[in-house]
Every structure is written in structure tokens, then in C-alpha cells.
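Following: one structure in C-alpha cells, then a few remarks.
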Ligand SMILES: [Cu+2]
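Numbering (the numbering used here), first residue to last: 892 to 1062.
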């Protein structure tokens, strides 16, 4: 635990140094080596798929596909990088079960503001979803990957699904 704290601290210092200018190049370079090792050990744990997707004010995700393995525990984080108010440009990620019509679900969800833009009574159509996130907010959801196949994900904020959708692929 103590070692971990030290690594984080040196990481932060390294970051500040590298932002400060080019004088301390040698020092920040050696810090980066440590950082890489830490990242590898924390994300390659067997059976856990850690994924991060971002949303923005252009009504877009930064990824079109998310891929995991059947049987994985999925730890999915949505980060809303936008700055516009939640009421105007909020985002979520909603992963639908197979056979659920994306457009039809999106249109029904768009009317469900009081339910976080999810359709009440149709929880069985959804594998997992985050809440609607405002600017700078993030949320991590954890769920078991469904059986192998291609599933659809979307943002259910009104009128977003046209641009904000993609494939959640389970191999
Ligand atoms: Cu959205």
C-alpha cells in the first residue's frame, strides 16, 4: 500500500515536471518507466475486462466498438469530457440485449426523463447502463459479459442515438 502511494506521488510529480518545461527531461523519463509497469499489472488481471469510453459536446463517443471475452467481468467507465450542461448535452451508455430494436428503445427512452431516460418496466431489455452524466462526470459500471455475440450500445439522451451508438462485441 505504501509503495503504491509512492508510485502515484512520483507519477504526479513527473507529470508536473514534464508540463513545466524541458529542463528535467531525464527525471521525468525515468518516472514514466515505473508508471508503465504499474498500469500493466493492474489491467491484465485474468477474467476482468476494464474498458473506458468517452463522450463529448459533439454528441459523440470516442469509440465505435467495445470488445470483451465471454465470461469476463466487465468494468466499464464512461467519462463525459464535455462542458455543456447536463440538461442540454447529458450522456449515458446503455447496452441492449440482442433482439431489442435500438431505435424503438431510444425513442421510448427519450420520453422517460424522470426515469433517467430508461424505459420503466423494460429493465429486461438492457444488459447494463450508466446514469445520465453531466460535464466532467464519470461513472463505472460492473456486470458480467453476456454470451458471445454482437450487442448494441447507445446514449438514450433525446436525439443522441443517431450519432451515439456502437457495437459491444463479446468474443
Ligand atoms: Cu448522449
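The C-beta atom is built at its ideal place from N, Cα and C for all residues, glycine as well.
Notebook entry, point to check: Between the Cα of residue 1013 and the Cα atoms of 986, 939, 969, which residue gives the shortest distance?
Noted result: Locating residue 1013 in the chain shown gives position 122, where the first residue counts as 1. Cα-wise, what sits closest to residue 1013 is 986.
Next item on the list: Put residue 1015 into one of helix, strand or coil per three-state DSSP.
Entry: Within the chain shown, residue 1015 is the residue found at index 124, counting from 1. Correct three-state label for residue 1015: helix.
Check: Between residue 1032 and residue 1020, what straight-line distance do the alpha-carbon atoms span, to the nearest angstrom?
Finding: Translated into the one-based positions of the chain shown, residue 1032 becomes position 141. Translated into the one-based positions of the chain shown, residue 1020 becomes position 129. Distance between the alpha carbons of residue 1032 and residue 1020: 7 Å.
Notebook entry, point to check: Taking the runs of the beta strand (DSSP E) that are 3 residues or longer, which of them lie wholly in the segment 1012–1059?
Noted result: 1017–1020, 1029–1035, 1040–1045
Note to self: Please report the distance separating the alpha-carbon of residue 992 from that of residue 1053.
What the structure shows: The residue labelled residue 992 in the question sits at position 101 within the chain shown. The residue labelled residue 1053 in the question sits at position 162 within the chain shown. Answer to the nearest angstrom: the Cα atoms are 13 Å apart.
Notebook entry, point to check: Got a sec: does ligand 1 put a non-hydrogen atom nearer than 7 Å to the Cβ of residue 1044?
Noted result: Along the chain shown, one-based indexing puts residue 1044 at 153. Relative to ligand 1, residue 1044 has its C-beta separated by 7 Å or more from all heavy atoms.
Margin query: For residue 969, tell me which candidate among 999, 1045, 1008 has the shortest Cα-Cα distance.
Written below: By one-based count along the chain shown, residue 969 stands at place 78. Among 999, 1045, 1008, the Cα nearest to that of residue 969 is on 1045.
Check: Within the chosen definition, does the segment 938–954 reach the segment 970–977 through at least 3 CB pairs nearer than 8 Å?
Finding: yes
Next item on the list: In the DSSP assignment, find the unbroken beta strand (DSSP E) run with residue 940 in it and report its ends.
Entry: The residue labelled residue 940 in the question sits at position 49 within the chain shown. Here the beta strand (DSSP E) through residue 940 covers 939–946.
Check: Comparing the CB of residue 1020 with every heavy atom of ligand 1, is any distance shorter than 7 Å?
Finding: Counting from one through the chain shown, the residue named residue 1020 turns up at place 129. Answer for residue 1020: no, Cβ out of range of ligand 1.
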